[in-house]
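Peer 1:
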Amino acid sequence: MNNSTLKNTTILNVGPQHPSTHGVLRLKCELNGERIIKIEPIIGYLHRGMEKMAETGSYLQYLPVVDRIDYLSGFFCSFAYLDAIEKLMDIVCPLKALYIRTITMELNRISSHLLWLGCYLMDLGATSPFFYAFIEREKILHIFEKLAGARMMYNYYTLGGVKNDINKELLGEIKVFAGNFNKQLKEFEDLINNNPIFISRTAMIGVLEQETAVNYSVTGANLRASGILKDLRKDFPYLIYKQIEFDIPYKKSGDSYSRYIVRVKEMKESCKIVNQCLDWLYSNIEDLKINLKINTAKIKPEGEAIGQVESPRGLMLCYICADGTNKPSRVKWRTPSFYSVQLINEIAKNYLVSDLMSIFGSLDVIMPEVDR
Amino acid sequence: MFQEFKTKFNIQKEEFILPDINKFYINKDDLKQVLRFLKETDRYLFETLECIIGKDNTNNALELIYALFSSKYNTKCAVSINIQDDFSVPSVVEIFPCANFDEREIYDLLGVRFINHPKLERILLPSDFEGNPLRKNYKMQDDRLRWNYE
Numbered sequence: 482m483n484n485s486t487l488k489n490t491t492i493l494n495v496g497p498q499h500p501s502t503h504g505v506l507r508l509k510c511e512l513n514g515e516r517i518i519k520i521e522p523i524i525g526y527l528h529r530g531m532e533k534m535a536e537t538g539s540y541l542q543y544l545p546v547v548d549r550i551d552y553l554s555g556f557f558c559s560f561a562y563l564d565a566i567e568k569l570m571d572i573v574c575p576l577k578a579l580y581i582r583t584i585t586m587e588l589n590r591i592s593s594h595l596l597w598l599g600c601y602l603m604d605l606g607a608t609s610p611f612f613y614a615f616i617e618r619e620k621i622l623h624i625f626e627k628l629a630g631a632r633m634m635y636n637y638y639t640l641g642g643v644k645n646d647i648n649k650e651l652l653g654e655i656k657v658f659a660g661n662f663n664k665q666l667k668e669f670e671d672l673i674n675n676n677p678i679f680i681s682r683t684a685m686i687g688v689l690e691q692e693t694a695v696n697y698s699v700t701g702a703n704l705r706a707s708g709i710l711k712d713l714r715k716d717f718p719y720l721i722y723k724q725i726e727f728d729i730p731y732k733k734s735g736d737s738y739s740r741y742i743v744r745v746k747e748m749k750e751s752c753k754i755v756n757q758c759l760d761w762l763y764s765n766i767e768d769l770k771i772n773l774k775i776n777t778a779k780i781k782p783e784g785e786a787i788g789q790v791e792s793p794r795g796l797m798l799c800y801i802c803a804d805g806t807n808k809p810s811r812v813k814w815r816t817p818s819f820y821s822v823q824l825i826n827e828i829a830k831n832y833l834v835s836d837l838m839s840i841f842g843s844l845d846v847i848m849p850e851v852d853r
Numbered sequence: 069m070f071q072e073f074k075t076k077f078n079i080q081k082e083e084f085i086l087p088d089i090n091k092f093y094i095n096k097d098d099l100k101q102v103l104r105f106l107k108e109t110d111r112y113l114f115e116t117l118e119c120i121i122g123k124d125n126t127n128n129a130l131e132l133i134y135a136l137f138s139s140k141y142n143t144k145c146a147v148s149i150n151i152q153d154d155f156s157v158p159s160v161v162e163i164f165p166c167a168n169f170d171e172r173e174i175y176d177l178l179g180v181r182f183i184n185h186p187k188l189e190r191i192l193l194p195s196d197f198e199g200n201p202l203r204k205n206y207k208m209q210d211d212r213l214r215w216n217y218e
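From first to last, the protein sequence lines are chains X and Y. With the working numbering, you'll find the first sequence wraps up at 853, consecutive numbering, no jumps. With the working numbering, you'll find the second sequence wraps up at 218, consecutive numbering, no jumps.
1) What residues in the stretch 181-207 of chain Y bring their beta carbon closer than 7 Å to a beta carbon of chain X?
2) What number of angstroms, rounded off, separates the C-alpha of glycine 11/Y from the C-alpha of arginine 203/Y?
3) Taking 8 Å as the threshold (C-beta atoms), are isoleucine 572/X and glycine 525/X in contact?
4) Could you check how far apart the C-beta atoms of tyrosine 697/X and leucine 824/X are, in whole angstroms? I think they sit under 8 Å.
5) When you compare the stretch 708-720 of chain X with the stretch 541-552 of chain X, are there three or more beta-carbon pairs, one atom per stretch, that lie closer than 8 Å?
6) In chain Y, which residues lie less than 8 Å from serine 698/X when you measure between Cβ atoms?
7) Glutamine 505/X versus chain Y: which residues are under 7 Å apart at the beta carbon?
8) Based on Cα-Cα distance, which residue from Pro730/X, Ile721/X, Lys656/X lies nearest to tyrosine 763/X?
9) For serine 593/X, which residues in the same chain have their Cβ closer than 7 Å to its Cβ, ignoring the five residues on either side in sequence?
10) Can you tell me where the beta strand (DSSP E) holding glutamate 521/X begins and where it ends?
11) Determine which residues of the stretch 518-531 of chain X have a Cβ less than 8 Å from any Cβ of chain Y, and write them out in chain order.
12) Can you find at least 3 beta carbon pairs, one from the stretch 760-775 of chain X and one from the stretch 669-681 of chain X, that sit closer than 8 Å?
13) For a test of the three-state rule: what should DSSP assign to tyrosine 543/X, helix, strand or coil?
14) Which one or two residues does DSSP pair with leucine 493/X in a beta bridge?
15) Kindly indicate if chain X contains any beta-carbon less than 8 Å away from that of phenylalanine 155/Y.
16) Quick check on the DSSP output: what are the complete alpha helix (DSSP H) runs of length 4 or more inside the stretch 635-702 of chain X, in order along the chain?
17) For proline 809/X, count the other beta carbons within 10 Å of its own beta carbon; 16 or more makes it buried, fewer makes it exposed. Which is it?
18) Quick check: what's the CA-CA separation for leucine 541/X versus tyrosine 832/X?
19) Could you name the residues that DSSP lists as bridge partners for threonine 449/X?
20) Report yes if the CB atom of isoleucine 149/Y is closer than 8 Å to the CB atom of alanine 135/Y, and no otherwise.
21) Tyrosine 820/X touches chain Y at which residues, Cβ-Cβ below 8 Å?
22) Within the same chain, show all residues whose beta-carbon is closer than 6 Å to that of valine 495/X, passing over the 5 residues directly before and after it, in chain order.
23) Below 8 Å, how does it come out for the stretch 105-117 of chain Y and the stretch 139-154 of chain Y: are there three or more Cβ pairs, yes or no?
24) I want to know whether the stretch 154-164 of chain Y touches the stretch 80-92 of chain Y - three or more CB-CB distances under 8 Å.
25) Residues of chain Y with CB closer than 7 Å to the CB of tyrosine 854/X, please, in chain order.
26) Excluding five sequence neighbours on each side, which residues of the same chain lie with their C-beta closer than 8 Å to the C-beta of methionine 482/X?
27) Taking 8 Å as the threshold (beta carbon to beta carbon), is leucine 628/X in contact with chain Y?
28) Out of Leu193/Y, Ala167/Y, Glu108/Y, Phe105/Y, point me to the one whose CA is closest to isoleucine 133/Y's CA.
29) Check whether the stretch 653-669 of chain X touches the stretch 812-823 of chain X, counting contact only when three or more Cβ pairs, one atom from each stretch, lie closer than 8 Å.
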């Protein structure tokens, strides 16, 4: 760097408290005029020691805490954790539990994307989509409240199944929601997709090249918006995804706009999956077995396992090393946002500082998941 | 699939991480060579480093597991190194840029020093924190957590 540019750079500090960082994140930006030269993300403000906490209690004592890793999609965290233990102990859940897990996870994906959609447009200055998205999200949270007893921190999955059975009334509610949802989504798209302000703030902004995406281990919708078709539900099918028909939406350009389009399309696909699960659950409503009764004193697995799940933000892994006692010896979380946050320096470089929040918002980073 | 790789680097020990991930134990000094080979050889193309897992095996021995994914062959594998006494490991940031935060996290929580890392500082814990919490010999200072150990 020569002297003339040195004179022109300014350091701008964004956060830790800032409305559009969606949590507590600090960005140290180096600017040349209004152009970003370098951004350094500083994280750790929400660190709760989740991995250390796992080592202090038994396997099932840790279960309620797991939902807090990513509070917008608690079902996915529980599933990744239980998936690893179930592999270690060779447990196969009853079929009805698998369907209930799938339907709740897909509804959770929709609710998480809806929150992202509302908040992202709020970041860009549009207030009304926020309320429309939250009306729809509220319907899903009501369903979850009836099913699991909580709106966000469910603690609903358990080793070998789920805790409460789903009844006909609840299935009816889900059916009404899934029936109306595509119409609602069409309204959002009419409102947003061709909006000139939205397009000028997102199209060709924050372009993520394929090579950078792979190098930075980006997963989920961010990767698929750059044209790489990678989805755990197709690559390594878990639960009942093998029997279900759905597509993986993707786009080639890799800008903020295509990340938005991919997420909206993903919600439609989730709706499709929900409908297929509903059909099965309606015809097997009498099937009562939803979990295996497992003797909690016998939960003493041994070995190493990785539980994996395609969460709304990307690939989530839970590595468990078990040593034959009732406590895990090591639990490691691989959370997708941890890798997206590193990316910000690569993709926001050379854009204007006013684009920073548009780019950062489009990555769908959630801070409790980064800091764990 | 891994026969060529195993003979080239003379791999003796191999384990499985459930469900079906091969875990190869390699020498600490070969780490960069092995990862570059797995990333760039056409037969493997493990171009994504999913994460680095660090764990304490007690008796002053740590283990680092590099979880890799190849989208072309749709396979996962893991490369593992055991480190004893001297906790310094070559950094792999130049091969996989995403390892930057991962290595800082392991430095922070387990106290492994990564040689040639661009910025080796604490990442999750405050900079004046003492000790490495995920080590098995770490004593929690907090009096409120005493019930866990009595």
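Where is the CB? At the ideal position from N, CA and C, for every residue including glycine.
Peer 2: In brief:
1) Interface annotation for the stretch 181-207 of chain Y against chain X: Ile191, Leu192, Leu193, Pro201, Leu202, criterion Cβ-Cβ distance under 7 Å.
2) Here chain Y covers residues 69 to 218 and nothing more, so residue 11/Y does not appear.
3) Indexing the first sequence from 1 puts residue 525/X at position 44. Indexing the first sequence from 1 puts residue 572/X at position 91. No; because the gap between Cβ atoms is not below 8 Å, this pair is not in contact.
4) Residue numbering aside, residue 697/X sits at position 216 when the first sequence is read from its first letter. Residue numbering aside, residue 824/X sits at position 343 when the first sequence is read from its first letter. Confirmed, about 5 Å.
5) With a cut-off of 8 Å, the stretch 541-552 of chain X and the stretch 708-720 of chain X do not count as touching, because too few Cβ pairs lie within range.
6) The sequence position of residue 698/X within the first sequence is 217, counting from 1. Within 8 Å Cβ-Cβ: Thr116, Leu117, Glu118, Cys119, Phe164, Cys166.
7) Within the first sequence, the letter at position 24 stands for residue 505/X. Strictly speaking, residue 505/X in this sequence is valine, with glutamine absent from that position. Against valine 505/X, chain Y offers no close residue; the least beta-carbon distance is about 13 Å (beta-carbon pairs closer than 7 Å).
8) Within the first sequence, the letter at position 282 stands for residue 763/X. Closest in C-alpha terms to tyrosine 763/X, from the list Pro730/X, Ile721/X, Lys656/X, comes Lys656/X.
9) To locate residue 593/X, count along the first sequence from 1; it is residue 112. For serine 593/X, same chain residues with a beta-carbon under 7 Å away, outside a window of 5 residues either side, are Leu553, Ser554, Pro793 in chain order.
10) As a working note, residue 521/X is residue 40 in the first sequence. Run containing glutamate 521/X: 516-523, per the beta strand (DSSP E) assignment.
11) Closer than 8 Å at the C-beta level to chain Y, one finds these residues of the stretch 518-531 of chain X: Ile524, Gly525, His528, Gly530.
12) Taking a cut-off of 8 Å for Cβ pairs, the stretch 760-775 of chain X and the stretch 669-681 of chain X do not touch, as fewer than three such pairs fall below it.
13) In the first sequence, the residue the question calls residue 543/X occupies position 62. When DSSP states are grouped into helix, strand and coil, tyrosine 543/X belongs to the coil group.
14) Indexing the first sequence from 1 puts residue 493/X at position 12. According to DSSP, which records beta bridges pairwise, leucine 493/X is partnered with Cys510/X.
15) Here residue 155/Y is taken as the residue at index 87 of the second sequence, counted from 1. Judged by the 8 Å Cβ criterion, phenylalanine 155/Y is not in contact with chain X.
16) Correct list: 649-673, 677-683, 691-696.
17) Taking the first sequence and counting its residues from 1, one reaches residue 809/X at position 328. It is buried - the Cβ of proline 809/X has at least 16 other Cβ atoms within 10 Å.
18) Here the question's residue 541/X lines up with position 60 in the first sequence. Here the question's residue 832/X lines up with position 351 in the first sequence. Roughly 47 Å between the two C-alpha positions.
19) Outside the shown range of chain X (482 to 853) lies residue 449/X, about which nothing can therefore be said.
20) Here the question's residue 149/Y lines up with position 81 in the second sequence. Here the question's residue 135/Y lines up with position 67 in the second sequence. In this structure, isoleucine 149/Y sits away from alanine 135/Y, with a CB-CB distance that is not shorter than 8 Å.
21) Translated into the one-based positions of the first sequence, residue 820/X becomes position 339. The answer, in chain order, is Cys166, Phe169.
22) Within the first sequence, the letter at position 14 stands for residue 495/X. Leu508.
23) Yes, the stretch 105-117 of chain Y touches the stretch 139-154 of chain Y.
24) Note that the stretch 154-164 of chain Y does not touch the stretch 80-92 of chain Y; fewer than 3 beta-carbon pairs, one per stretch, sit closer than 8 Å.
25) Outside the shown range of chain X, which is 482 to 853, sits residue 854/X, and nothing can be said about it.
26) Counted from its first residue, the first sequence places residue 482/X at position 1. Residue placement at methionine 482/X is flagged as unreliable, the pLDDT there being 49, under the threshold of 50; the coordinate-derived value follows with that caveat. When the five nearest sequence neighbours on each side are left out, no beta carbon in the same chain lies closer than 8 Å to the beta carbon of methionine 482/X.
27) For the purposes of this step, residue 628/X is identified with residue 147 of the first sequence, where counting begins at 1. Not closer than 8 Å to any Cβ of chain Y, the Cβ of leucine 628/X fails to qualify, so no.
28) The count along the second sequence starts at 1 and reaches residue 133/Y at position 65. Distance from the Cα of isoleucine 133/Y is smallest, within the candidate group Leu193/Y, Ala167/Y, Glu108/Y, Phe105/Y, for Ala167/Y.
29) The stretch 653-669 of chain X, when compared against the stretch 812-823 of chain X, does not touch it at the 8 Å Cβ threshold.
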